[in-house]
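These notes concern the structure reproduced below.
2 protein chains.
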Amino acid sequence: MTDSTWMTPISNDDTQANRAALDLSERQRTVLRAVVEDYVLSAVPVGSKALVERYRLPVSSATVRMAMAELEALGLLSHPHTSAGRVPSDLGYRYYVETLMREAELNRSDRLMIRHQFSQVQLTNNEWLRLTASVLSGSTHSASIVTPARSRRARFGHLQLVELADRGRLLVLVLADGNVVQRRLDRTGMDHLLGDEQGQPQLDAAASRLNGRLSGMDARAVRRRLQRAPQTEEIDTFVGEIVAQALEEEDRLVVEEVVTDGLVHVLEQPEFAGGGKVRAILDVLQRSDFLQQLVPLVTRRGGVHVIIGRENSIDAMHEVSLVFAPYGTPGRALGLLGVLGPTRMAYPRAIPTVRYLAALLDELIDQDAKDA
Amino acid sequence: MTDSTWMTPISNDDTQANRAALDLSERQRTVLRAVVEDYVLSAVPVGSKALVERYRLPVSSATVRMAMAELEALGLLSHPHTSAGRVPSDLGYRYYVETLMREAELNRSDRLMIRHQFSQVQLTNNEWLRLTASVLSGSTHSASIVTPARSRRARFGHLQLVELADRGRLLVLVLADGNVVQRRLDRTGMDHLLGDEQGQPQLDAAASRLNGRLSGMDARAVRRRLQRAPQTEEIDTFVGEIVAQALEEEDRLVVEEVVTDGLVHVLEQPEFAGGGKVRAILDVLQRSDFLQQLVPLVTRRGGVHVIIGRENSIDAMHEVSLVFAPYGTPGRALGLLGVLGPTRMAYPRAIPTVRYLAALLDELIDQDAKDA
DNA sequence: GGTTAGCACTCAAGACAGTAGAGTGCTAAT
DNA sequence: ATTAGCACTCTACTGTCTTGAGTGCTAACC
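Residue numbers (the numbering used here), protein chains in the order written: chain A, 192 to 563; chain B, 192 to 563.
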């Protein structure tokens with residue numbers, strides 16, 4: 192896996208989509224759909240005879256064989272070996288997803304159940320990240336991935352310094368995107384900066400000065416500001432430095448706070464029984480910066496994105512599909528949520544689920560913003 | 192898996208330990224040690240001849256066979272089938288861990304590397320939980336589990352209410368054990384309680400009143416206090432209610448914030464190649480309250496605990512071992528860290544690693560407390 | 001001309017038998 | 001007490017055969 196592989200995680204999927212926009216006869220479409228849907232369920236290459244039986248097609252197996260051969264020539268199906276049934280190729284799935292799939296909205300009871308679960312949970316902390324991941328993987332029987340909604344760069348919003356009775360001091364930093372981080376301050380190295388009369392008033396004064404000066408700045412801007420224009424009060428420099436560090440760490444953290452769930456579902460798929468492949472996938476998930484690379488794709492146009500098998504240029508992902516969508520407020524804080532499963536994935540289930548959850552989170556975030 | 196299984200997760204391991212305190216001849220001990228260590232490395236049942244060769248034993252294979260037969264009679268070894276080599280039983284591992292193992296301290300370079308990694312990380316947020324899990328699994332090639340250090344019940348420590356310029360209000364609650372939670376407050380339903388003159392001073396006053404009254408209380412106590420002695424100020428009741436909710440949620444959360452890492456290592460072990468077994472284990476880890484059940488065991492006496500195979504009364508765990516230790520300040524906030532691997536685990540590596548990390552965290556927490 | 005029945009062909013997977021090798025347990029000699 | 005030797009056991013591997021699902025092609029059919 193070369194480095195360049197990581198640079199462009201997704202081969203331009205527009206071209207893929209175009210290539211898939213073929214003119215198929217009605218019969219070919221029916222057969223392709225049947226093959227995909229059967230294979231998704233059974234994981235077994237599907238043969239012509241089985242197909243007519245199971246789907247009560249009004250033609251004979253020989254006819255289906257013809258159609259299959261045509262579809263194979265077009266690159267939509269493939270053959271594990273001469274005397275085996277057909278399996279959809281990545282392109283076949285692509286065509287299916289784009290033009291064949293009957294996409295159902297999530298049914299009412301599913302929607303209600305999901306809503307109910309979210310109503311039980313505080314939106315403030317990370318609990319709902321986990322909930323989203325859990326719902327997503329439970330509902331699609333795939334692995335799920337959720338990243339928190341954050342701006343690309345953390346920006347200073349509002350600062351508060353708190354003197355605690357017996358346990359030091361606390362810096363509470365509200366970021367421009369609404370996230371909150373806190374940081375304990377040691378007394379060592381700080382006490383002497385406060386001079387004789389210590390305590391909350393002095394801290395408030397410092398916080399207020401910094402709030403005025405740092406508003407909207409990112410880590411680098413804060414650093415520059417501290418260097419170019421030395422603060423008149425030493426305490427401000429001290430706290431400013433900590434703010435800069437916190438912002439920097441926040442930038443790093445975007446990557447680390449990714450939550451995943453339901454990996455078991457993937458492990459249980461027959462195609463990964465061997466185990467070796469999973470290793471590679473898990474590694475990629477761990478180095479979860481790969482999600483970062485989806486962000487440009489996702490910001491270009493919103494909605495649900497599907498990346499199938501080899502469309503994904505990360506080698507380890509050649510046998511899995513990703514269905515994901517952005518959520519959050521476009522300009523400001525953007526998060527990603529999605530599922531990862533074998534290319535043989537139940538797209539008609541995964542796509543609406545991802546769409547619904549992204550919309551639901553949007554709604555909740557929006558409402559939260561109104562309340563505040 | 193009955194419910195009663197969950198009630199007593201660990202069959203009393205003192206009895207196990209006693210049964211293992213057998214008088215073995217020097218030869219038997221040598222053979223047992225060799226079998227365990229060889230099997231841990233190779234995962235292949237080990238025969239008498241291979242053993243003499245690999246360990247240059249000064250006796251013949253026939254002699255070793257005698258010893259093996261004796262050990263088998265004692266229940267320390269077992270036989271997959273008639274003509275296969277020997278495999279340690281759970282009891283065999285137990286004996287090995289208790290009296291045969293040459294336990295090495297972690298070597299200097301390992302210790303330094305670990306220390307270095309921890310020096311790079313803020314102790315405040317959850318990042319170091321992940322780091323611990325990562326180091327643990329990386330260093331032992333097993334799955335790792337880390338729970339945050341928390342008191343059994345969350346208790347009120349110190350409260351601060353912050354008015355934010357444009358984004359509502361923030362409640363910052365420092366728990367008695369030093370953890371910090373924050374919570375956004377909606378303006379709706381709060382504004383009218385503050386009367387005409389709003390803003391920071393009023394919030395400070397309310398916080399200060401509540402700090403006086405709620406100090407040290409757990410969720411239930413706060414609730415009672417609110418009901419029995421109605422607050423004179425309505426705003427206090429409002430905020431008090433939110434505090435109670437936050438404490439309750441905190442109590443629930445202990446269970447949920449467990450961090451695991453390195454499951455891949457377990458998946459890669461040949462004994463779990465089948466995949467089916469892993470499913471059960473992952474499920475147990477997910478329902479991570481099982482860790483809670485180790486707490487009593489661990490508080491009884493500190494240090495590293497080892498639970499081997501069927502000593503663990505949770506069915507799904509019959510083929511894995513747990514090596515774990517508590518960390519934190521005994522009376523106050525207690526956390527657990529440990530590794531999970533096949534019973535065929537490198538105990539001489541796992542045990543010192545767990546011990547070292549527990550000690551390291553103790554040290555860091557201690558130092559952090561001093562700084563504050 | 002599209003559809004279908006029929007047929008020869010292919011290949012994976014399962015059943016079966018035979019073999020090699022590692023291992024055991026026992027006994028008799030050292 | 002130890003060990004060499006031997007008969008015995010069982011798994012894992014190998015090669016062969018069979019079965020069955022599936023294909024592609026062709027010739028007959030509507």
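Note that beta-carbon positions come from the ideal geometry of N, C-alpha and C, so glycine has one too.
Source: prediction; values computed, not measured.
Taking residue i as the reference, give the member of the options with the closest Cα.
i: B:Arg245; options: B:Ala225, B:Ala260, B:Ala258 and B:Met257; result: B:Ala225
i: A:Arg535; options: A:Asn370, A:Val237, A:Gln422 and A:Val372; result: A:Val237
i: A:Tyr518; options: A:Thr221, A:Ser512 and A:Thr490; result: A:Thr490
i: A:Leu488; options: A:Asn503, A:Thr451, A:Arg218 and A:His272; result: A:Asn503
i: B:Asp427; options: B:Val457, B:His509 and B:Asp382; result: B:Asp382
i: B:Asp474; options: A:His496, A:Asp559 and A:Ser325; result: A:Ser325
i: A:Val545; options: A:His496, A:Ile433 and A:Glu217; result: A:His496
i: A:Ala396; options: A:Thr423, A:Arg411, A:Arg415 and A:Arg378; result: A:Thr423
i: B:Glu441; options: A:Asn317, A:Ser251 and A:Glu440; result: A:Asn317
i: B:Ser216; options: B:Ser252, B:Leu291, B:Pro279 and B:Gln351; result: B:Leu291
i: B:Val430; options: B:Phe309, B:Leu394 and B:Leu265; result: B:Leu394
i: A:Arg341; options: A:Leu551, A:Leu525, A:Ala537 and A:Asp452; result: A:Leu525
Under the rule that 16 or more other beta-carbon atoms within 10 Å means buried, what is residue i, buried or exposed?
i: B:Val235; result: exposed
i: B:Met304; result: exposed
i: A:Gln418; result: exposed
i: B:Ile556; result: buried
i: B:Gln391; result: exposed
i: A:Leu242; result: buried
i: A:Asp281; result: buried
i: B:Glu289; result: exposed
i: B:Arg285; result: buried
i: A:Arg415; result: exposed
i: A:Pro249; result: exposed
i: A:Pro461; result: exposed
i: B:Leu232; result: exposed
i: B:Gln351; result: buried
i: B:Ser274; result: exposed
i: B:Ser328; result: buried
Report back the beta-carbon spacing between residue i and residue j to the nearest angstrom; my notes put them in contact at under 8 Å.
i: B:Leu527; j: B:Thr338; result: 5 Å
i: A:Pro539; j: A:Arg293; result: 6 Å
Per DSSP, what kind of secondary structure is residue i in: helix, strand or coil?
i: A:Gln422; result: coil
i: A:Glu447; result: helix
i: B:Asn402; result: helix
i: B:Pro487; result: helix
i: A:Ser280; result: coil
i: B:His383; result: helix
i: A:Ile505; result: coil
i: B:Leu320; result: helix
i: B:Gly238; result: coil
i: A:Ser512; result: strand
i: B:Val495; result: coil
i: A:Pro473; result: Inspection of the sequence shows that residue 473 of chain A is occupied by Leu rather than by Pro. A:Leu473: helix per DSSP, three-state reduction.
i: A:Ile556; result: helix
i: A:Gly266; result: coil
i: A:Val250; result: coil
Could you name the residues of the same chain whose beta carbon sits closer than 6 Å to that of residue i, not counting the 5 residues immediately before and after it, in chain order?
i: A:Trp319; result: Val312
i: A:Leu454; result: Ala334
i: B:Pro521; result: none
i: A:Asp553; result: Tyr518
i: A:Leu485; result: none
Can you list, in chain order, the residues of its chain with a C-beta nearer than 7 Å to that of residue i? Leave out the 5 residues immediately preceding and following it.
i: B:Ala471; result: Ala507
i: B:Ala437; result: Leu364, Val372 and Arg374
i: A:Asp409; result: Arg344, Ala345, Arg346 and Leu438
i: B:Glu261; result: Gln219
i: B:Leu297; result: Pro543, Thr544 and Tyr547
i: A:Val564; result: This structure gives no information on residue 564 of chain A, because the portion of chain A shown stretches from 192 to 563.
i: A:Thr206; result: Low confidence applies here, because A:Thr206 scores a pLDDT of 43, under 50, leaving its location unreliable and the question unanswered by this model.
i: A:Thr199; result: At A:Thr199 the pLDDT is 39, less than 50, meaning the model places this residue with poor confidence; the figure from the coordinates comes in the next sentence. Same-chain partners within the cutoff: Ser504.
i: A:Gly266; result: Ser280 and Leu282
Leaving out five residues on either side along the sequence, give the residues of the same chain with a beta carbon under 8 Å from the beta carbon of residue i.
i: A:Met259; result: Val222, Val226, Ser239, Leu268 and Arg277
i: B:His509; result: Gly500, Arg501 and Asn503
i: B:Ala549; result: Val495, Ala516, Pro517, Tyr518 and Leu528
At a cut-off of 8 Å, would you count residue i as near the ligand MN, judging by its Cβ distance to the nearest heavy atom?
i: A:Ala334; result: Inclusion of the ligand MN in the displayed structure is not the case, the ligand content being empty and no account of it being possible.
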